[in-house]
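*Asks:* There's a structure below that I have some questions on.
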Amino acid sequence: MIGCDSMEFEKPWTEKYRPQKLDDIVGRDPIIRRLKSYVDNKSMPHLLFAGPPGVGKTTAAIALAKEIFGDYWKQNFQETNASDERGINVVREKIKDFARTKPIGGDFKIIFLDESDALTSDAQNALRRTMEVYTSTCRFILSCNYSSRIIDPIQSRCAVFRFGPLSTDAVKIMVKKIAEAENIELKEDGLNAIAYVSEGDMRKAINALQSSSGIGDSITESLVYQVSSRAKPEEIKNMMKVALSGDFISSRKILQTLLLEQGLSGEDIIMQMHRETFNLEVSDKEKVRIVEMIGEADFRLVQGANEFIQLEYLLANLSSG
Numbered sequence: 019m020i021g022c023d024s025m026e027f028e029k030p031w032t033e034k035y036r037p038q039k040l041d042d043i044v045g046r047d048p049i050i051r052r053l054k055s056y057v058d059n060k061s062m063p064h065l066l067f068a069g070p071p072g073v074g075k076t077t078a079a080i081a082l083a084k085e086i087f088g089d090y091w092k093q094n095f096q097e098t099n100a101s102d103e104r105g106i107n108v109v110r111e112k113i114k115d116f117a118r119t120k121p122i123g124g125d126f127k128i129i130f131l132d133e134s135d136a137l138t139s140d141a142q143n144a145l146r147r148t149m150e151v152y153t154s155t156c157r158f159i160l161s162c163n164y165s166s167r168i169i170d171p172i173q174s175r176c177a178v179f180r181f182g183p184l185s186t187d188a189v190k191i192m193v194k195k196i197a198e199a200e201n202i203e204l205k206e207d208g209l210n211a212i213a214y215v216s217e218g219d220m221r222k223a224i225n226a227l228q229s230s231s232g233i234g235d236s237i238t239e240s241l242v243y244q245v246s247s248r249a250k251p252e253e254i255k256n257m258m259k260v261a262l263s264g265d266f267i268s269s270r271k272i273l274q275t276l277l278l279e280q281g282l283s284g285e286d287i288i289m290q291m292h293r294e295t296f297n298l299e300v301s302d303k304e305k306v307r308i309v310e311m312i313g314e315a316d317f318r319l320v321q322g323a324n325e326f327i328q329l330e331y332l333l334a335n336l337s338s339g
């Protein structure tokens, strides 16, 4: 057995291949153009980056700081995760301590507050006051999943950037680039599978690539779905089509295979069923009915109901429609 001291752990590829320049960020051209104007002017307002995880908010903030401050970016940039400390102390202590000190080699410093929508209302009000007091020497970049959870007085002080899920093409470009750099044989169906499981989340895509690379000689569709704990889209779609045809027993057998043999969770299956609903060749009215039933099943699973029974019930309802 190899001792822990002698083991070398590879850096996560999400960090190893994180873009270092704004121009290296894929799929965000309109946002990058606006951010580069701040670099050209050596000036910027407070910023609010809103969007789901894994879509480039942190990468954009770090790349912006590197281009504005150059060699002094580490001295002039502080990253704090608000979800670690949600209360007012994170503002009073960490943020104020950094904001008080003078910038090095520039006119201002940048405080990047990740997951800022996790801050309590009191903490956000304290942050608003801090933004006002130190605006001459400090700029804030707030990152959040839901901008609606950021109080209006903060939003009104920021230029808002909305990061939606990345396009399939953008995900594929980055994944292919990493696969080539790592000398990995990436099959076309494997690339498509990674794009599917990522759902526009680049972090998910890169993690799926790295996880798959450690198992097989080449990355295929089957391998990607295996390491991602996902069913193939056609398996979910087929299960739904069989149920909708009125054959509950056959659809139940497919469900058993997914849950018991492949080890998928009920929540994973529910989410994929919702996604595949819109690929079914049924009327819009029927899609509405299916989504309503999926929503009801999802609610019951969240409440702690037995996942196999609830999914059986869902398929039975689809069969009786």
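Residue numbering for the sequence shown follows this note's numbering, starting at 19 and increasing by one per position.
Cβ atoms here follow ideal geometry from the backbone N, Cα and C, with glycine treated the same way.
1) For Ile224, which residues from the same chain have a beta carbon less than 6 angstroms from its beta carbon, with the 5 sequence-adjacent residues on both sides left out?
2) Report the three-state DSSP secondary structure of Ala323 (helix, strand or coil).
3) Please list the terminal residues of the continuous alpha helix (DSSP H) segment that includes Leu145.
4) Which residues in the same chain as Tyr35 place their Cβ atom closer than 6 angstroms to its Cβ, once the five residues preceding and following it in sequence are excluded?
5) Please state the DSSP three-state secondary structure of Glu133.
6) Applying the 10 Å Cβ sphere with the 16-neighbour rule, what's the burial state of Ile20?
7) Looking at the unbroken beta strand (DSSP E) that takes in Ser269, where does it start and where does it end?
8) Check each candidate in Arg307, Phe296, Ser166 and Met258 and name the one with the smallest Cα separation from Glu330.
9) What residue does the beta strand (DSSP E) around Glu279 start on, and which one ends it?
10) Compute the beta-carbon to beta-carbon distance between Pro208 and Ile237, rounded to the nearest angstrom, for a pair I have assumed lies under 8 angstroms.
11) Measure the alpha-carbon distance for Val300 versus Ala323 and round it to whole angstroms.
12) Pop quiz: Arg167 and Asp132 are said to be a contact at Cβ under 8 angstroms. What is the actual Cβ separation, rounded to whole angstroms?
13) Can you check whether the CB of Ile272 is closer than 9 angstroms to the CB of Glu6?
14) Given a threshold of 16 other Cβ atoms within 10 Å of its Cβ, counted over all protein chains shown, does Leu278 qualify as buried or as exposed?
15) State buried or exposed for Ala334, treating a residue as buried only when at least 16 other CB atoms are found within 10 Å of its CB.
16) Distance check for Leu262 and His292, CA to CA, integer angstroms please.
17) Any chance the stretch 60-74 sits against the stretch 191-206, with 3 or more Cβ pairs inside 8 angstroms?
*Replies:* So, from the listed chains and residues:
1) Non-local C-beta neighbours of Ile224 in its own chain, meaning closer than 6 angstroms and more than five positions away in sequence, comprise Trp31 and Thr32, ordered along the chain.
2) Of the three classes helix, strand and coil, the one that applies to Ala323 here is coil, per DSSP.
3) Its alpha helix (DSSP H) spans residues Ser139 to Val151.
4) Hits under 6 angstroms: Ile196.
5) In this structure, Glu133 counts as coil in the three-state DSSP scheme.
6) Caution applies to Ile20, whose pLDDT of 36 falls short of 50 and renders its modelled position unreliable; the value that the coordinates give is listed next. Counting Cβ neighbours within 10 Å, Ile20 comes out exposed, since fewer than 16 surround it.
7) Here Ser269 belongs to no beta strand (DSSP E); instead the alpha helix (DSSP H) covers Phe266 to Gln274.
8) The shortest Cα separation from Glu330 among Arg307, Phe296, Ser166 and Met258 belongs to Met258.
9) Per DSSP, Glu279 belongs to no beta strand (DSSP E) and is neither H nor E.
10) Position check: residue 208 holds Gly in this sequence, whereas Pro was assumed. Confirmed, about 4 angstroms.
11) In this structure, the alpha-carbon of Val300 lies about 29 angstroms from that of Ala323.
12) So it is not a contact: roughly 14 angstroms between Cβ atoms.
13) Missing from the structure shown is residue 6; the chain here goes from 19 to 339 and no further.
14) Exposed.
15) When all chains shown are included, Ala334 counts as exposed.
16) Looking at the backbone, the Cα of His292 and that of Leu262 are separated by about 14 angstroms.
17) Cβ pair count under 8 angstroms is below three, so no.
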